[in-house]
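Single-structure report; data block below.
Chains as they are written, first to last, in the working numbering: chain A, 4 to 104; chain B, 9 to 703.
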């Protein structure tokens, strides 16, 4: 007997909450980026789980696209973090606030 | 005789086919002078003289064409708004050359040509600066007037009417570095604009009522209106505000008349004209004789077929004209400056033309317009010559005795004065007499209003003779009353030549139409009458609704003005007019001759003060502006600033305030944004939950 759908959803919700907690509390940009990855993967788990549940591959396809996007996002995110580090001598996200009005 | 000419020499066409050139030459000159004026020899005078000379040749050729059978020419040159599928109106520029237009083109080009030559003496020889601006103004002025004259529809007339006003503004204010001229220019512009405002409404009313503003042809608004009254076929005509056809035609006529009264300086819009004397004297000659002021009267003559439909409009024209003729002449009696006397005489003479138009004398009005153009240009140029000689002093009491030093000026000025006073056989006698005669016969035919207007006109003859010869005697006779007058500066050929030409013309121009002798020489020898009647033309001018004959016919129809002609020989009124003109001349000679002139007008006391102050017309008009219009404008301004602008400003203010507050959430701290996102999402879920009834 396969794992029932509720467990997947519980896992996804837990990972999402951890990610959300991360972006609300972390000041280190790297931790921030990782938290965003957790959010994305929580969504992926949902997609794959429902795909399995309905026997429909569309969800898995979307999961693949999200993974590709996440990879791109990480590349850009790390680039930004490097630049932030160069300009502010640290990677604290709350200090890089000079571009507001 | 003219009819015989038609059979003999068929010139047919080239002159009237090229009539646009009369306007295009000056326009081209204007462009040349604007760009290259300061590099040209004589600062642009030469192209101006060439252009107006060319225009004069073309116009004379056109006269010859029409006198030998050609015309009328009516052509659309440019369509700038096309009516769609019979709906809406088509707006065009076109050219209409009929005897009236070609006559006026000739007058304008002749006067403008002579004024250009005279300007060599008055402006170039006197070492004025900024001359390219002056000559460019003259060219544009001539262009505008030419295009106005050959306009084939009311809208085009309006456009060039306005352009004429603008040019007079530019030229009156030519010496803008002094205090007087800019103010005079502004006044001329504003007063005529006030009248033109009504004209504009009139143009819109014509387009709205008839769907066309054409002057001539079977589709013209004049024809539609005539047919509507004659046959009751009113489908081509839409009246507004519940007026009947004839009443509505009167309303439109009076609206257009507003522009006419302003431009032709008729009471109560005459106040700008005496001030306009601040401009250079050649410009005054041009404005008074051929362009600006003539435009108003010409417009009424142009659409005379429309005005004859309304007895009310005609009566008003006649009354205003007669009254203005008299009223302006009284003010001329006491003026001390040469050009001021001439200015009031211009107002008065245009009053005569209006009187003639209102009195049913179409030919008389055009005739007086022609002779007046000649002798008034002559008088102004003569005054200009005197002003050169007197080193720009204009007060007649500082002159005197100039006749021996300035032979040519004196003789020509005298010819012009005799014409103005209406002394036999000078030009003004014939035309003024015809004006009075036409008014009298139509008045005796059963229009008492015209008799009142006639009385004013006849009284004005007396005043005209008196003020004209007061001016002549004070300026040229007696002993010099100042050092300048003892040794006047000599003038050159460029002053004397225009004077000589106009001097000869003001002696002979009257023979064009010797109306007084109608019974003796026969109607067919009234050349101008025959010319304007289209007798010389092969085509039927009646059919186009443009002939003097046609106007008279409509005028006497019961559906239109319903004038009747009393049987009266012109000899009696002619003799009366002669007596009325000669007696005051003798009176002026008696009062102002001799070496020591008694300033006899000062004995008029309070009346003189009233006349010197122009009946306080300026004062009450200024009061109207500052006491009535200004407060209303202030209230309107308050409304505009407070309510209309307030609404717009308020919208902007609220946005600005809200933006100022809301931007504070843009902290720049990415964690805050994340928190806001989360909170927003939770809020959304909560709202869905509440609305969807999950909890």
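C-beta atoms are modelled at their ideal positions from N, C-alpha and C, and glycine is treated no differently.
Kindly list, in the order they appear in chain B, the residues whose Cβ is closer than 7 Å to that of residue i.
i	result
residue 100(A)	675, 676, 677
residue 97(A)	677, 679
Leaving aside the five residues before and after residue i along the sequence, list all residues of the same chain whose C-beta is less than 7 Å from its C-beta, in chain order.
i	result
residue 605(B)	482, 486
residue 15(B)	Bear in mind that a pLDDT of 44 at residue 15(B), under 50, signals an unreliable position, so the model cannot answer this.
residue 197(B)	173, 177
residue 168(B)	152, 155, 156, 159
residue 285(B)	292, 347, 348, 351
residue 505(B)	125
residue 53(B)	124, 127, 128, 132, 143
residue 42(B)	144
residue 589(B)	429, 430, 431, 469, 473
Buried or exposed, going by whether 16 or more other CB atoms sit within 10 Å of the CB of residue i?
i	result
residue 264(B)	buried
residue 55(B)	buried
residue 615(B)	exposed
residue 367(B)	buried
residue 479(B)	buried
residue 491(B)	exposed
residue 11(B)	No answer about residue 11(B) holds up, because its pLDDT of 43 lies below 50 and its placement is not dependable.
residue 688(B)	exposed
residue 22(A)	buried
residue 390(B)	buried
residue 230(B)	buried
residue 22(B)	exposed
residue 642(B)	exposed
residue 9(B)	Any reading at residue 9(B) needs caution, since the residue's pLDDT is 37, under 50, leaving its predicted position unreliable; the model's value is listed next. Exposed.
residue 149(B)	buried
residue 662(B)	exposed
residue 20(A)	exposed
residue 93(A)	exposed
residue 701(B)	exposed
Give the single residue among the options whose Cα lies nearest to the Cα of residue i.
i	options	result
residue 156(B)	105(B), 135(B), 200(B)	105(B)
residue 88(B)	474(B), 78(B), 101(B)	101(B)
residue 621(B)	114(B), 594(B), 342(B)	342(B)
residue 280(B)	199(B), 99(B), 582(B), 146(B)	199(B)
residue 443(B)	468(B), 454(B), 681(B), 676(B)	468(B)
residue 431(B)	388(B), 397(B), 476(B), 446(B)	476(B)
residue 144(B)	51(B), 107(B), 61(B)	51(B)
residue 508(B)	683(B), 411(B), 415(B)	415(B)
residue 209(B)	180(B), 517(B), 262(B), 599(B)	262(B)
residue 70(B)	119(B), 32(B), 90(B), 113(B)	113(B)
residue 4(B)	336(B), 539(B), 260(B)	Since the first residue shown for chain B is 9 and the last is 703, residue 4(B) is missing from the structure and cannot be characterised.
residue 465(B)	364(B), 134(B), 629(B), 574(B)	364(B)
residue 32(B)	59(B), 693(B), 595(B)	59(B)
residue 212(B)	116(B), 138(B), 243(B), 98(B)	98(B)
residue 298(B)	445(B), 383(B), 26(B)	383(B)
Run down chain A in chain order and give the residues with a C-beta less than 9 Å from the C-beta of residue i.
i	result
residue 100(B)	In chain order: nothing, as chain A lies at least about 58 Å away.
Which same chain residues end up closer than 8 Å to residue i when comparing Cβ atoms and leaving out the 5 residues on each side of it in sequence?
i	result
residue 89(A)	none
residue 237(B)	253, 254, 257, 317, 567, 568
residue 48(A)	11, 14, 15, 18
residue 552(B)	80, 82, 106, 224, 225
residue 95(A)	30, 31, 32
residue 91(A)	98, 99
residue 37(A)	25
Excluding the 5 residues preceding and the 5 following residue i in the sequence, name in chain order all residues of the same chain whose CB lies nearer than 6 Å to its CB.
i	result
residue 278(B)	355
residue 500(B)	129
residue 340(B)	349, 352, 353, 475
residue 86(B)	101
residue 61(B)	121
List the residues of chain B that residue i touches, going by C-beta distances under 8 Å, in chain order.
i	result
residue 103(A)	674, 675, 676
Counting only Cβ pairs nearer than 7 Å, list the residues of chain A close to residue i.
i	result
residue 683(B)	27
Which bits of chain A does residue i rub up against, with CB to CB less than 8 Å?
i	result
residue 686(B)	23, 27
Measuring only between beta-carbons, confirm whether residue i sits less than 8 Å from chain C.
i	result
residue 471(B)	Looking at the structure shown, chain C is missing, and the protein chains on hand are A and B.
Near-chain B residues of the stretch 22-35 of chain A - C-beta to any C-beta below 7 Å: 23, 26, 27
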